[in-house]
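Below you'll find the structure, written out as structure tokens, and then a few comments.
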Amino acid sequence: MNKESLVEKAYQIAIERYAAVGVDVEKALQALQKISLSLHCWQTDDVTGFEDPNAQLSGGIQTTGNYPGKARNIDEVRADLIEAASFIPGNHRINLHASYGDFGNKKVDRNEVEPAHFESWMQWAAENGFKLDFNSTSFSHPKSGSLTLANPDKDIRGFWIEHTIRCRAIAEEMGKRQGSPCIMNLWVHDGSKDITVNRLYYRQLLKESLDTIFATEYKNMKDCIEAKLFGIGAESYTVGSYDFYLGYGAKNNKIVTLDTGHFHLTESIADKISAVLLFTPEIMLHVSRPIRWDSDHVTIMNDDTLDLAKEIIRCDALDRVNIGLDYFDASINRIGAYVIGSRATQKCFLQALLEPLSALREYEKNGQFFERLALLEESKGLPWNAVWDYFCLKNNVPVGEEFITEIQKYEKEVTSKR
Ligand code: RNT
Ligand code: ZN
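Under our numbering, the first residue of the sequence shown is numbered 767, with each subsequent residue one higher.
So this is what it looks like as structure tokens:
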């Protein structure tokens, strides 16, 4: 039997197995088809961007590894994104950083960025069926230091306020052009390596800066604010902590970004979904994989990611949760890294969508906790993978591990020659 028929056959069996526990597989697939991941452009080039190819990554984040073939310019980044997307079923978004503008050979400082620098991105995205999301960039710049929007120096603070205001205008233009709101993430690394005795002061400054930045109301972009536990070199204090941004988001109706690497390692990000959604308009996710710290390893189908996806489905919150990826591994084929993480995220959502939720909820309502746990355990072994294979087949992307050889081919023909 050829692979296609095998996949079809396994899918038919899966439909029946799932129907027995009250799950409609086709409905799950329809929902999965609608999930757009926001693919972070910075996995292609180790967060380098196009301002200065020799710039050092700063701001508490770090890529490790020097696997050959990293994208060196805008054309290579775009080619790699298209290549990666060709192995990921469905329609997805591309998440850009302000440092990835099409600056030509000109030096454009961060307080000078404007929609024109993203014109070619908007055209490229439209031509290739992507929608764009956006991020202000406060790291890897001579004025980054350890404080940006919370810097007591009025000029430096003003510089970053100006940058972020401009980024919102760029996001607005992207959203308008693509007919879908552009989500703009604001993350700053502001913090301190050692004990600070002015914790309140810097947070007041950050709050004031945010108030200034968000003063303009837009229709085609949405703001999200990203907290972090700590950055490298800023281990003792983070101005934009989780409490800070949760408070700010709840009070000002802003989307809170939950990066799965930005919490204590035993904290459940899944558990935050139902709490945060009650007080903020939406959630933005940065799906990542922290290993001992915010290491930004490639997302895989582990319990953390599965729990997160399940919680979103159990809250019926797909329309209020934006799913972005955020990791940067420079130690393996970067396109492979994209594809693994994206497909893993989708697999988690598929399993979440296939959960026998009505039966589980019925057990829970009746206090039948043995039955609930038993069904939770048994459902882990249901043939979700047959459904996944079918989903890939129908989306004309490689089924199973077939993408490995495809990526090897691209490596041989393209990235290894860089
Ligand atoms: C850093 C944050 C942030 C960045 C990107 C590059 O810890 O997670 O989202 O990874 O903006
Ligand atoms: Zn992040």
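Glycine included, C-beta positions come from ideal geometry on N, C-alpha and C. On a predicted model such as this, the values are computed, not experimentally measured, just so you know.
query, result
"Excluding sequence positions up to five away, which residues of its chain have a Cβ less than 7 Å from the Cβ of Asn832?", "Ala1096"
"Would you list the residues sitting across from Leu1142 in a DSSP beta bridge?", "According to DSSP, Leu1142 bridges with nothing at all."
"Determine, using beta carbons only, whether Ala710 and Met1050 come nearer to each other than 7 Å.", "Given that the chain is displayed from residue 767 to residue 1184, the structure contains no residue 710 and the question cannot be resolved."
"Can you pull the DSSP bridge partners for Val1053?", "Leu1091"
"For the ligand ZN, is there a heavy atom less than 6 Å away from the beta-carbon of His1052?", "yes"
"Please tell me whether, using a cut-off of 6 Å, the distance from the CB of Asp1025 to the nearest non-hydrogen atom of the ligand GDP is below it.", "The ligand GDP is not part of this structure, which contains only the ligand RNT and the ligand ZN."
"Closer than 6 Å by C-beta to Ala850: which residues in its own chain qualify, once you throw out the five before and the five after it? Chain order, please.", "Ile1101, Tyr1104 and Val1105"
"Hey, could you find the ends of the alpha helix (DSSP H) Arg1127 is sitting in?", "Leu1123 to Lys1131"
"How far does the alpha helix (DSSP H) with Met767 in it extend, from its first residue to its last?", "Segment: none, Met767 is in no alpha helix (DSSP H) and carries neither H nor E."
"So the candidates are Ile1078, Ile1170, Thr830 and Val1165; which of them puts its Cα closest to the Cα of Ala797?", "Ile1078"
"Are three or more beta carbon pairs between the stretch 1027 to 1038 and the stretch 990 to 1002 nearer than 8 Å?", "yes"
"What's the C-alpha gap between Arg1086 and Met987?", "15 Å"
"When burial is assigned at 16 or more other CB atoms within 10 Å of the CB, is Gly1147 buried or exposed?", "exposed"
"Considering only their Cβ atoms, is the gap separating Asn877 from Phe925 smaller than 7 Å?", "yes"
"Can you say whether Ala1140 is buried or exposed, counting buried as having 16 or more other CB atoms within 10 angstroms of its CB?", "exposed"
"May I ask you to report which of helix, strand or coil DSSP gives Asp811?", "coil"
"Using 10 angstroms around the beta-carbon of Gly1006, count the other beta-carbons present and answer buried if the total reaches 16, otherwise exposed.", "buried"
"So the alpha helix (DSSP H) Val843 belongs to, where does it begin and stop?", "Ile840 to Ala851"
"What does the alpha-carbon distance come out to for the pair Ala891 and Asn1132?", "50 Å"
"Thinking just about the alpha-carbon of each residue, which of Cys990, Asp1009 and His1063 is nearest to the one in Pro1047?", "Cys990"
"Val787 lies in the beta strand (DSSP E); which residues open and close that run?", "No beta strand (DSSP E) holds Val787; DSSP gives it neither H nor E."
"Could you spell out the range, first to last residue, of the beta strand (DSSP E) harbouring Val1163?", "Premise fails: Val1163 is in no beta strand (DSSP E) and is neither H nor E."
"Less than 7 Å between the C-beta atoms of Ser824 and Asn861, yes or no?", "no"
"Thinking C-beta only, is Leu1159 closer than 7 Å to Val1165?", "yes"
"Report the partner residues of Gly957 according to the DSSP bridge assignment.", "Thr1004"
"Quick check: Ile961 and Ser912, are their CB atoms within less than 7 Å of each other?", "no"
"Kindly confirm or deny that the stretch 887 to 902 and the stretch 843 to 859 touch, where touching means at least three C-beta pairs closer than 8 Å.", "yes"
"Excluding sequence positions up to five away, which residues of its chain have a Cβ less than 7 Å from the Cβ of Asn1161?", "Pro855 and Gly856"
"Around the C-beta of Leu1126, are 16 or more other C-beta atoms found within 10 angstroms, so that it is buried, or is it exposed?", "buried"
"Please confirm whether any heavy atom of the ligand RNT lies closer than 6 Å to the CB of Lys994.", "yes"
"Return yes when at least one heavy atom of the ligand RNT lies under 6 Å from the C-beta of Trp1059, else no.", "no"
"If contacts are defined as beta-carbon pairs under 8 Å, then Leu847 and Cys807 qualify, I think. What distance do you get, rounded to the angstrom?", "7 Å"
"If you follow the beta strand (DSSP E) that Leu803 is part of, which residue opens it and which one closes it?", "Leu803 to His806"
"Return the Cβ separation of Phe1094 and Gln809 in integer angstroms, given the expectation that the two are a contact with Cβ distance under 8 Å.", "5 Å"
"Determine the extent of the alpha helix (DSSP H) in which Cys1114 is found, giving its start and end residues.", "Arg1100 to Leu1119"
"Nearest to Phe869 by CA position, among Arg844, Asn839 and Asp1092, is which residue?", "Asn839"
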